[in-house]
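S.K.:
Chains as they are written, first to last, in the working numbering: chain E, 1 to 302; chain U, 1 to 302.
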């Protein structure tokens, strides 16, 4: 029994109204691993890194129960690099640099030891890569969750449609849900996307919380009103990691348990934005997580 | 013991992506009265209307327990008229026409029978008018709630500051809270606005719900995800009416009870947007309201 997490492990350079960092650890699978490993191990990581990816980071993650057998190391290559600048509202950002580097040649080969996969988290990546991982699994996982973004809707819609048909849960933000469905109403958007494959649609709305749809059932998860959002990078991946980590640790894929998983993901994401990169996640304790989940519980109670 | 509601009673012409109406009943105090009278009467209305305001509407409201002694009728005048066109997202709109008409001469004189006021709802109006009503009351009400808008922040900030010092609860939308405080973070905005007077700040976020702040305490109320928003006109006033109606009917002004009042207001607002103008509110039953409140309860339960 295991959880596979597929995604990027990378470097980011970030500029927010609060400061600037030149080259810190990033990547969707990095955030998923830091978040999910609070709840469940082993996490069987699938990614690609260059020789520049720090050994120290690998060791820290291994110590938390992250398995690197499925992470391809290209010794003379460079890790994926992204650089962006956030606007004052922190909801919009400009991409300054995207250097694919080793990501351009990413064609994951799942190790045999990864075949016992029960939970599959497909982080934001080229749909063709997401598809390849699903197809390499001899037994269908109990739950496949995928994240994606508008970039793939514009550049790889045919592949994206194929992946959508094979997954259980789609996570997108509100503008992506609107783009994918052609519907402004999120209720209508969720119904339309369900026709494309996934039974569950999670729409992330940043500071406005998140919505979970299944058929006509809906759950509204709050976001914690924060005094400052220091750096939103990785908040969505952290949310995904908290979600899948909770699901895997409980072994329960019901709608009811997904609600709790979304609260867990939201709590983790609320920590993530407190510092640059995954730094805050790295120092997180079980007690802090439990306290934060309690805050979320109180937030909506009436 | 009574509830005073101060605001406009008017005509609106509306264009939404779903249709167009030429001249229907509108005005902040109209929506407040329709909403609040589900929970509490008498509602002592303070407004000004022209000879063109339909007798039928007055009779319908009187039948619900709305007192018109404080509504000035200018027989040879015309009622306030507003015309607007909503964009596809329904969150933004263009004002096409604003004819103040009798509103330009609005200088309310409170009837003696209004002096027993326990709950005062100051609908969106010139701050000088709001101030005049407060000053005419011999005894301070138990709770004063005010609504306002960005227009007054730009044109009558000095008066607005005076009213803010005298009220308990301020209701504004998110962009207005940001404008009034100069803070982007709503947490910081609410703290800053509390320094201006009101102990409680309610920030309305439309389809994203509402936030209630008192000191560092916060409550996050969901909005019902809707398939279609037919016409958002009056949703904020309906929310205010449901809020003050619940508070007045329970006689409880605690933070805990304000949470419930916000849910009641949100439930009423979710009906309001289903049809043009106050039409849907006029046909609403107690059972429908209770069912809708139950939907809100389920929406956030995990």
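For glycine and all other residues, C-beta sits at the position ideal for the given N, C-alpha and C.
1. DSSP three-state label for residue 242 of chain E, please.
2. Where residue 2 of chain U and residue 173 of chain E are concerned, what is the direct C-alpha to C-alpha distance, given to the nearest angstrom?
3. Does any CB atom of chain U fall closer than 8 Å to the CB of residue 188 of chain E?
4. Listed in chain order, which residues of the region 215 to 246 of chain E have Cβ atoms closer than 9 Å to some Cβ of chain U?
5. Using a 10 Å radius around the Cβ and a threshold of 16 neighbouring Cβ atoms, would you call residue 246 of chain U buried or exposed?
6. Mind checking residue 195 of chain E: buried by the 16 CB within 10 Å criterion, or exposed?
7. I'd like to confirm the pairing. Which residues does DSSP put opposite residue 296 of chain E in its beta bridges?
8. Anything in chain U within Cβ reach of residue 263 of chain E, meaning under 9 Å, just list it in chain order.
9. Which of the residues in the region 80 to 92 of chain U, read from start to end, lie with their CB under 7 Å from any CB of chain E?
10. Taking the alpha carbon of residue 227 of chain E as the point to measure from, which residue in E:191, E:185, E:274 has its own alpha carbon closest?
11. Label residue 315 of chain E either buried or exposed according to how many other C-beta atoms from any shown protein chain fall within 10 Å of its C-beta, with 16 as the threshold for buried.
12. Can you grab the Cα-Cα spacing for the pair residue 101 of chain E / residue 78 of chain E, in whole Å?
13. Do the CB positions of residue 233 of chain U and residue 7 of chain U come within less than 8 Å of each other?
14. Whose C-alpha, out of U:283, U:296, U:98, U:302, is nearest the C-alpha of residue 64 of chain U?
15. For residue 214 of chain U, name the three-state secondary structure that DSSP assigns.
16. Taking the alpha helix (DSSP H) that residue 195 of chain U falls in, what are its first and last residues?
17. How about the region 213 to 227 of chain E and the region 187 to 202 of chain E: do they share at least three Cβ pairs that are nearer than 8 Å?
18. Taking the alpha-carbon of residue 272 of chain E as reference, which of E:36, E:23, E:4, E:22 has the nearest alpha-carbon?
19. Name the residue from E:122, E:62, E:80, E:60 whose alpha carbon lies nearest to the alpha carbon of residue 51 of chain E.
20. So which of E:138, E:243, E:99 has the shortest CA-CA distance to residue 116 of chain E?
21. Report yes if the CB atom of residue 292 of chain U is closer than 8 Å to the CB atom of residue 267 of chain U, and no otherwise.
22. Helix, strand or coil: how does DSSP classify residue 115 of chain U here?
23. Any idea what DSSP makes of residue 220 of chain E, helix, strand or coil?
24. Under 8 Å between beta-carbons, which chain E residues line up against residue 299 of chain U? List them in chain order, please.
25. Can you grab the Cα-Cα spacing for the pair residue 124 of chain U / residue 41 of chain U, in whole Å?
26. Could you check the C-alpha separation between residue 294 of chain E and residue 162 of chain U for me, to the nearest Å?
27. Could you pull out every residue in the same chain whose Cβ sits closer than 6 Å to the Cβ of residue 144 of chain E, ignoring the five residues on either side in sequence?
28. Determine the direct distance from the alpha carbon of residue 265 of chain E to that of residue 148 of chain E, and round the result to whole angstroms.
29. Might you give, ordered along the chain, the residues of its own chain that have their beta carbon closer than 8 Å to the beta carbon of residue 187 of chain E, omitting 5 neighbours on each side?
30. In chain U, what lies closer than 9 Å to residue 180 of chain E by C-beta?
31. By alpha-carbon positions, which one of E:103, E:90, E:250 ends up nearest to residue 48 of chain E?
32. Flag residue 185 of chain U as yes if its beta-carbon sits less than 8 Å from any beta-carbon of chain E, otherwise no.
33. Verify the contact flag: residue 170 of chain E, CB atom, against every heavy atom of the ligand FAD, threshold strictly below 7 Å.
34. Could you tell me whether the Cβ atoms of residue 277 of chain U and residue 12 of chain U are closer together than 8 Å?
35. Please compile the residues from chain E whose C-beta is within a distance smaller than 7 Å of the C-beta of residue 259 of chain U.
36. Tell me whether residue 154 of chain U is buried or exposed, calling it buried when 16 or more other Cβ atoms sit within 10 Å of its Cβ.
M.R.: This is what the structure gives:
1. Helix.
2. Roughly 46 Å between the two C-alpha positions.
3. By this cut-off, residue 188 of chain E is an interface position.
4. Correct list: 218, 219, 220, 221, 222, 223, 224, 225, 226, 227, 228, 229.
5. Its Cβ being crowded by 16 or more others within 10 Å, residue 246 of chain U is buried.
6. Taking all protein chains shown into account, residue 195 of chain E has fewer than 16 neighbouring C-beta atoms within 10 Å of its C-beta and is therefore exposed.
7. According to DSSP, residue 296 of chain E bridges with nothing at all.
8. Ordered by position in chain U, the residues that pass the 9 Å Cβ test against residue 263 of chain E are 302.
9. Residues 88, 89.
10. The residue with the shortest Cα to Cα distance from residue 227 of chain E is E:274.
11. The structure shown has nothing for residue 315 of chain E, since chain E only spans 1 to 302.
12. Taking the Cα positions, residue 101 of chain E is about 6 Å away from residue 78 of chain E.
13. For residue 233 of chain U and residue 7 of chain U, no; Cβs fall outside 8 Å.
14. Distance check between residue 64 of chain U and each of U:283, U:296, U:98, U:302 places U:283 closest, using alpha-carbon atoms only.
15. Here DSSP, grouped into helix, strand and coil, assigns residue 214 of chain U to strand.
16. Run containing residue 195 of chain U: 186 to 195, per the alpha helix (DSSP H) assignment.
17. The region 213 to 227 of chain E vs the region 187 to 202 of chain E: in contact.
18. Checking every option, the nearest Cα to that of residue 272 of chain E belongs to E:36.
19. Taking only the C-alpha atoms, the option nearest residue 51 of chain E is E:80.
20. Out of E:138, E:243, E:99, E:138 has the C-alpha closest to the C-alpha of residue 116 of chain E.
21. Contact annotation: residue 292 of chain U and residue 267 of chain U have beta-carbon atoms nearer than 8 Å.
22. Note: residue 115 of chain U maps to coil in three-state DSSP.
23. If DSSP states are grouped into helix, strand and coil, residue 220 of chain E belongs with the strands.
24. Those are 218, 219, 220, listed as they occur along chain E.
25. Taking the straight line joining both Cα atoms gives about 21 Å.
26. Between residue 294 of chain E and residue 162 of chain U, the C-alpha separation is close to 39 Å.
27. The answer, listed in chain order, is 120, 167, 168.
28. Cα-Cα distance, rounded: 17 Å.
29. The answer, listed in chain order, is 213, 218.
30. Neighbours of residue 180 of chain E on chain U: none; closest Cβ ~17 Å, over 9 Å.
31. Checked all of E:103, E:90, E:250; the closest Cα to residue 48 of chain E is E:103.
32. Closer than 8 Å to the CB of residue 185 of chain U there is at least one CB belonging to chain E.
33. Here there are no bound small molecules, and the ligand FAD is not part of this structure.
34. Cβ atoms of residue 277 of chain U and residue 12 of chain U: closer than 8 Å.
35. For the C-beta of residue 259 of chain U, the chain E residues within less than 7 Å are, from N- to C-terminus, 302.
36. Residue 154 of chain U should be labelled exposed.
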